[in-house]
Structure formats: C-alpha cells, structure tokens
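**Student:**
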Amino acid sequence: MTTAQRVNVALRKVPSWVVYLIGAVIPFYYLYLALTGAMGVEPVNSLERALGELAMQALVVVLAVTPLRKLTGVSLIMHRRALGLLAFFYVACHLLVWGVLDVQDPARMWSDIVKRPYITIGMVGFVLLLPVAATSNNFSVRRMGPMRWRRLHMLTYVICVSGAVHYVMVQKVWEIEPLIYLALVLALLAYRIPTLRREFAA
Amino acid sequence: LALSAWPAAAQTDALEPNSFEEITTYNNFYEFGTGKTDPKENAGQLTTSPWAVEINGMVDKPGTYAFDDIMAQMDIEERIYRLRCVEAWSMVIPWQGFELADLLALAGPNPEARFVEFQTLMRPEEMPGQEYPILDWPYIEGLRMDEAMHPLTIMATGLYDEPIPNQNGAPMRLVVPWKYGFKSIKSIVRITLTDDQPSTTWNKAGPSEYGFYANVNPTVDHPRWSQATERRVGGGLFSKRIDTLMFNGYDEVAPLYEGMDLEAQF
Numbered sequence: 001m002t003t004a005q006r007v008n009v010a011l012r013k014v015p016s017w018v019v020y021l022i023g024a025v026i027p028f029y030y031l032y033l034a035l036t037g038a039m040g041v042e043p044v045n046s047l048e049r050a051l052g053e054l055a056m057q058a059l060v061v062v063l064a065v066t067p068l069r070k071l072t073g074v075s076l077i078m079h080r081r082a083l084g085l086l087a088f089f090y091v092a093c094h095l096l097v098w099g100v101l102d103v104q105d106p107a108r109m110w111s112d113i114v115k116r117p118y119i120t121i122g123m124v125g126f127v128l129l130l131p132v133a134a135t136s137n138n139f140s141v142r143r144m145g146p147m148r149w150r151r152l153h154m155l156t157y158v159i160c161v162s163g164a165v166h167y168v169m170v171q172k173v174w175e176i177e178p179l180i181y182l183a184l185v186l187a188l189l190a191y192r193i194p195t196l197r198r199e200f201a202a
Numbered sequence: 034l035a036l037s038a039w040p041a042a043a044q045t046d047a048l049e050p051n052s053f054e055e056i057t058t059y060n061n062f063y064e065f066g067t068g069k070t071d072p073k074e075n076a077g078q079l080t081t082s083p084w085a086v087e088i089n090g091m092v093d094k095p096g097t098y099a100f101d102d103i104m105a106q107m108d109i110e111e112r113i114y115r116l117r118c119v120e121a122w123s124m125v126i127p128w129q130g131f132e133l134a135d136l137l138a139l140a141g142p143n144p145e146a147r148f149v150e151f152q153t154l155m156r157p158e159e160m161p162g163q164e165y166p167i168l169d170w171p172y173i174e175g176l177r178m179d180e181a182m183h184p185l186t187i188m189a190t191g192l193y194d195e196p197i198p199n200q201n202g203a204p205m206r207l208v209v210p211w212k213y214g215f216k217s218i219k220s221i222v223r224i225t226l227t228d229d230q231p232s233t234t235w236n237k238a239g240p241s242e243y244g245f246y247a248n249v250n251p252t253v254d255h256p257r258w259s260q261a262t263e264r265r266v267g268g269g270l271f272s273k274r275i276d277t278l279m280f281n282g283y284d285e286v287a288p289l290y291e292g293m294d295l296e297a298q299f
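If you read the sequences in order, they're chains C and A. Under the UniProt record's numbering, the first residue of the first sequence is numbered 1, with each subsequent residue one higher. Under the UniProt record's numbering, the first residue of the second sequence is numbered 34, with each subsequent residue one higher.
(1) Between which two residues does the beta strand (DSSP E) holding A:VAL119 run?
(2) Which of the three DSSP states, helix, strand or coil, is assigned to A:GLN106?
(3) Below 8 Å on the Cβ atoms is my guess for A:GLY148 versus A:THR227; work out the distance and round it to an integer in Å.
(4) Who pairs with A:GLY96 in a beta bridge, going by DSSP?
(5) DSSP state of A:LEU36, grouped into three classes?
(6) Quick one: complete beta strand (DSSP E) runs, 3+ long, within the stretch 133-174 of chain A?
(7) Residues in the same chain with beta-carbon distance under 6 Å from A:VAL286, minus the five sequence neighbours each way, listed in chain order, please.
(8) With 16 other CB atoms within 10 Å as the buried threshold, where does C:SER75 fall?
(9) Are A:ILE187 and A:GLY130 closer than 7 Å when you measure CB to CB?
(10) Verify the CB distance criterion: does C:GLU53 have a CB-CB separation below 7 Å to chain A?
(11) Beta-carbon separation of C:MET56 and C:GLY122 under 7 Å?
(12) For A:ALA176 and A:HIS183, I'd like the C-alpha separation in whole angstroms.
(13) Against chain A, does C:ALA34 count as a neighbour if the rule is that its beta carbon must be under 7 Å from one of theirs?
(14) Please list the residues of the stretch 55-71 of chain A that have a C-beta atom closer than 7 Å to any C-beta atom in chain C, keeping them in chain order.
(15) Any Cβ of chain A within less than 7 Å of the Cβ of C:ARG69?
(16) Which partner residues of A:MET124 appear in the DSSP bridge assignment?
(17) What runs of the alpha helix (DSSP H), each 4 residues or longer, lie entirely inside the stretch 168-197 of chain C?
(18) Is it buried or exposed, A:ASP230, if we count other Cβ atoms within 10 angstroms and call 16 or more buried?
(19) Take C:TRP98 as the anchor and find which of A:TRP258, A:MET293, A:LEU48 has the nearest alpha-carbon.
(20) Using a Cβ cut-off of 8 Å, pull out every chain C residue sitting near A:PHE271, in sequence order please.
(21) I want to verify the contact list: residues of chain C whose CB lies under 7 Å from the CB of A:LEU168, in sequence order.
(22) Name, in chain order, the residues that DSSP records as bridge partners for C:ALA87.
(23) Tell me the DSSP secondary structure of A:PRO196 in three-state form.
(24) CB C:GLY125 to CB C:LEU86, shorter than 7 Å?
(25) Return the chain-ordered ranges of every alpha helix (DSSP H) run that is complete within the UniProt domain "Ferric oxidoreductase" (54-162) of chain C and spans a minimum of 4 residues.
(26) When the Cβ atoms of the stretch 91-109 of chain A are set against those of the stretch 156-169 of chain A, are three or more pairs found closer than 8 Å?
(27) Would you tell me roughly how many angstroms separate the C-alpha atoms of A:ALA38 and C:ILE176, rounded to the nearest one?
(28) What's the gap between the Cα of A:PRO142 and the Cα of A:GLY282?
(29) Using the Cβ count rule (16 or more neighbours within 10 Å means buried), how would you classify C:LEU186?
(30) Which residue's Cα is closest to the Cα of C:VAL58: C:ALA134, C:PRO27, C:PRO131, C:GLY145?
Encoded structure:
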C-alpha cells in the first residue's frame, strides 16, 4: 500500500461529525479569547479579522481537495462537504461580528455594502455562498441531478476569489498575507483550467 | 494654558485616559510591522540614546540639536489629548512634552517658511518593517506653518510620566490632536522649514485616501470606510461606537481653515 493509500485509509476512519465538531468549536474558542483579553485591547477588530482569515483558510482547503488528490493521491473528498459548510459558517460568523459588534447599525451596514467596493465584493461572495451551502446535502444532489448540482457548486470558484480580493482590498497597504491567499486561490483555480476547458468544450 | 483653551464640549467629555497597556500595545508604527502588536514586539531594540534632531531649511540657526540639550531648554507639561486614528478607532492619551513652537523658536524660523516637513529615523537594521517597500521610507509628514505654531501642537517626549516607549515614537514625536493619527509622526530625526508643501508618506501612498491636511472630519469619509463614528479602544467586545467630532473636538483650530473647502482639501 502506498503512503497516499495509507493516509486515505486513516482519513476515512475520521467520522464526519468529528470534523464538524472541531471546526465549529474554533469560532467559539476565538470568542472566548476575545472576551478574556487574549486578542488584545481592541477585540472587535481582532475577532473580525481572525474569523475572516479562518474562512479564507477553509476556502483554500476546500479548493485544494481536487488538486491534492490528483497530484498526491491523498483524498479529502469525503470531508469536503464538512469543510465547505464550515467555511460558510466562518464567513457567517465574520459577517455577524462585522454587523453586530463592529458597525452596529443596519442602515450603515447597508450604505457600506453599496458604497465600499471591498465590502460589496465580500457580500457578493457571501450571497453566492448561500445557494451552495443550502444545497450541500445528498437530497439536493439527487433532486438537482449531479450535472446541475456540480455547475451550481462551481460558484465556489467565484466565492474564493471574492473572499481573497476582499481581504487584499481591506488593507491600507499591499500586505503579504492576503496576497498569499489570493495567489493560492488563483493557483488552485489555474490548475483546473485544462479540465474545465475540456468539460465545457464537450 | 492649552488645557483652559479646550472647548466646553471637550471638557464635558470626561477624557478618562486609556491605560498604559492599551496605549503601548495597540500601535500603528509600520517601521516595526503592520500588525497592531508588532511595534510593541519589535521596537525594543531601537537605539534612542544618543538622539539628535536636524533642524534645517528656512531657519536662522540650522543644525543638529541633541535631544538632551533640547530637553534641558523646554518646559515639560502634561497634555491629555484624544487621538483619532484614520482607521476609526480612538484613545485618550496623557502625553508629556512641549509645544512645537518652542522647539522651532530655538532654530529661528524665517518669515518666508510656509510649511514644516518632518522625517522619521531610517534604520532598517533596527526597524524591520523598513525592509519591506510597503511605504516609501523614510516616513515623512508635514504641517502648514500656522498649524505647527498652534499651541495645541506638541512634541511628546513622555507618556504617563515615563519616557515615551519606543513603540509610541521615542524619544520624541509630534502630536497634532485635531488630525488623524498618521500626521503625528514618530521618532523624529529631521525638521525642515520650507516654502513648498511637503510630499508626505501616506498622501503619496494613497492620494484619494489620505489628504495632506487629514483633519478629523466626520463628514468626509475615507473611500473605504465611514469616518462618522469611532470606537474608543478599551471598551471590550461590546463597546458602542461614539460619534466622531469635527477637528476631533478641538474647535479652536477652526479659524486656521477659514475659507477652505475641507471636502476638497481633506
């Protein structure tokens, strides 16, 4: 048995609920850190950023599943749904902290969404996540049929780019970290181009 | 003197200073990194003694002024000022220092000087952020002459009755309380009096985002966020935003800008 196969056997032994549980606990752990002063003297901003970065990390992992399998044989495919739904959960937490703890005013939230391009782009990503998250279940796959379902879930590509661009744009200067996320997203998408070209040419 | 000149609105605001910890662990000082805690983590190695400031340009006595000699000639007083960052957070800080006008008087400003340009230390071996070209180093800021001579404008050398910590701009930094924090340049090594408007660091980095004047103004938004409100650091996770005041509440500076369109010259 190859190393990749051994890793896959081990990965298959991890029940989904463990992935959901560990993943879902992280934002609450962050909240605990923010409440106890471990996130510094301005915890609203720290928490908001930590959740946004966590969402970006989850999105990159989701996007890496297919290239990782093709390049190394290691398959996270059985945990991709959990990872994707966790990414949605993190984005929702990030949005909640932004609205409730940071901006604190529905009218100003709306004016920010329409006036500030980086927020507009972030919101586009969130809105596109809604149908993808809502159909991340076996029932939807059956009802929609695999082809239509797959097409809908290609929105993930747009969502990841929106998230990364939103992250780059919120900075006052060209910071390295958000640019690394953007580069990762673009590289993981570029890897798919030949497959997608074949698929849409057919 | 300046304390009694504060407007009534500012006095009713209790001006409870932020804690020493808050003021010294949440800093923007990109020479030490872009994270808020980077300055505290990386500024310890900065050599601040000996220190000297070159004062040149349109002055009678250009030259290098040793920090200790300056301190020996200045009256140090406390000024409890609000600080409003362009990022929409704020603090209240008990500075010790002296009026910039008194420092400039040592060098004898010429009548034709219209602006003052300031420069921060450039020393990448001690300021690791300067290794990255995120800003056009060294950091440059500037004031119009009347702003520089205003009694509210100070050079801060102390904080909570201690020498100012490195991450807050040791040994000597500008504090202009009615302008966004980035105008209050830290760790100053050069002051040049000139008749040209200085080309300043943030203004060069984003002319549509950071104006030369950078007066605190709740009606002129940053293109990427509203400036109408701010969050006072230290209120915790559930702190309410507070309204941002014109000129950060220091209304007595309004006459400096009479006749100017503050939306165009922001």
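Backbone N, C-alpha and C fix where the C-beta goes; we use that ideal spot for every residue, glycine too. Given the structure is predicted, the values throughout are model-derived calculations rather than measurements.
**Tutor:** Once the coordinates are examined:
(1) Taking the second sequence and counting its residues from 1, the one referred to as residue 119 of chain A is at position 86. Note, A:VAL119: premise wrong, no beta strand (DSSP E); not H, not E.
(2) Here residue 106 of chain A refers to the residue found at position 73 when the second sequence is read from its first residue. Reduced to three states, the DSSP call for A:GLN106 is helix.
(3) To locate residue 148 of chain A, count along the second sequence from 1; it is residue 115. To locate residue 227 of chain A, count along the second sequence from 1; it is residue 194. Note on identity: in this sequence residue 148 of chain A is Phe, with Gly being the wrong assignment. With 8 Å as the limit, A:PHE148 and A:THR227 qualify as a contact, their Cβ atoms being about 5 Å apart.
(4) Sequence index remark: in the second sequence, residue 96 of chain A carries index 63 (1-based). As computed with DSSP, A:GLY96 is found in a beta bridge with A:ILE88.
(5) Taking the second sequence and counting its residues from 1, one reaches residue 36 of chain A at position 3. Since pLDDT at A:LEU36 reaches only 47, below the 50 mark, its modelled position is unreliable, and no value is offered.
(6) Runs found: 148-153.
(7) As a position in the second sequence, residue 286 of chain A is number 253, starting the count at 1. Excluding sequence neighbours, A:VAL286 sits near TRP211, PHE280.
(8) As a working note, residue 75 of chain C is residue 75 in the first sequence. That one is buried.
(9) Mapped onto the second sequence, residue 187 of chain A falls at position 154. Mapped onto the second sequence, residue 130 of chain A falls at position 97. A contact, by the Cβ cut-off of 7 Å.
(10) On the first sequence, residue 53 of chain C is found 53 positions in, with the first residue counted as 1. Judged by the 7 Å Cβ criterion, C:GLU53 is not in contact with chain A.
(11) Within the first sequence, residue 56 of chain C is the residue found at index 56, counting from 1. Within the first sequence, residue 122 of chain C is the residue found at index 122, counting from 1. Result no, Cβ atoms of C:MET56 and C:GLY122 do not sit closer than 7 Å.
(12) For this step, residue 176 of chain A is matched to residue 143 along the second sequence. For this step, residue 183 of chain A is matched to residue 150 along the second sequence. For the record, residue 176 of chain A in the displayed sequence is Leu; it is not Ala. Those two C-alpha atoms are separated by around 11 Å.
(13) Locating residue 34 of chain C in the first sequence gives position 34, where the first residue counts as 1. Interface criterion met: the Cβ of C:ALA34 is under 7 Å from a Cβ in chain A.
(14) Cβ contacts with chain C: GLU55, THR58, TYR59, THR67, LYS69, THR70.
(15) As a first step, residue 69 of chain C must be located in the first sequence, where it is residue number 69. So, not an interface residue.
(16) The residue you call residue 124 of chain A lines up with position 91 of the second sequence. Answer is A:LEU116, bridged to A:MET124.
(17) Qualifying alpha helix (DSSP H) stretches, in chain order: 176-190.
(18) Against the second sequence, residue 230 of chain A aligns to sequence position 197. Reading off the sequence, residue 230 of chain A comes out as Gln, not Asp. By the 10 Å Cβ count, A:GLN230 comes out exposed.
(19) As a first step, residue 98 of chain C must be located in the first sequence, where it is residue number 98. Comparing Cα-Cα distances from C:TRP98 to each of A:TRP258, A:MET293, A:LEU48, the minimum goes to A:TRP258.
(20) Within the second sequence, residue 271 of chain A is the residue found at index 238, counting from 1. Per Cβ cutoff of 8 Å: LEU101.
(21) Position 135 of the second sequence, counted from the start, is the residue given in the question as residue 168 of chain A. Those within 7 Å of A:LEU168 in chain C are VAL173.
(22) The residue labelled residue 87 of chain C in the question sits at position 87 within the first sequence. C:ALA87 is not bridged by DSSP to any residue.
(23) Here the question's residue 196 of chain A lines up with position 163 in the second sequence. Judged by DSSP in its simplified three-state form, A:PRO196 adopts strand.
(24) Here residue 125 of chain C refers to the residue found at position 125 when the first sequence is read from its first residue. Here residue 86 of chain C refers to the residue found at position 86 when the first sequence is read from its first residue. Here C:GLY125 is not near C:LEU86, since their CB atoms are 7 Å or more apart.
(25) Fully enclosed alpha helix (DSSP H) runs of 4 or longer: 80-96, 106-115, 117-134, 138-144, 146-153.
(26) Proximity of the stretch 91-109 of chain A to the stretch 156-169 of chain A falls short of the contact definition, fewer than three beta-carbon pairs being nearer than 8 Å.
(27) Here residue 38 of chain A refers to the residue found at position 5 of the second sequence. Here residue 176 of chain C refers to the residue found at position 176 of the first sequence. Caution applies to A:ALA38, whose pLDDT of 44 falls short of 50 and renders its modelled position unreliable; the model cannot decide the point.
(28) On the second sequence, residue 142 of chain A is found 109 positions in, with the first residue counted as 1. On the second sequence, residue 282 of chain A is found 249 positions in, with the first residue counted as 1. Cα to Cα, A:PRO142 sits roughly 29 Å from A:GLY282.
(29) Counted from its first residue, the first sequence places residue 186 of chain C at position 186. By the neighbour-count rule (16 or more Cβ atoms within 10 Å), C:LEU186 is not buried but exposed.
(30) What you label residue 58 of chain C is simply residue 58 of the first sequence in a count that begins at 1. It should be noted that the sequence gives Ala, not Val, for residue 58 of chain C. Comparing Cα-Cα distances from C:ALA58 to each of C:ALA134, C:PRO27, C:PRO131, C:GLY145, the minimum goes to C:PRO27.
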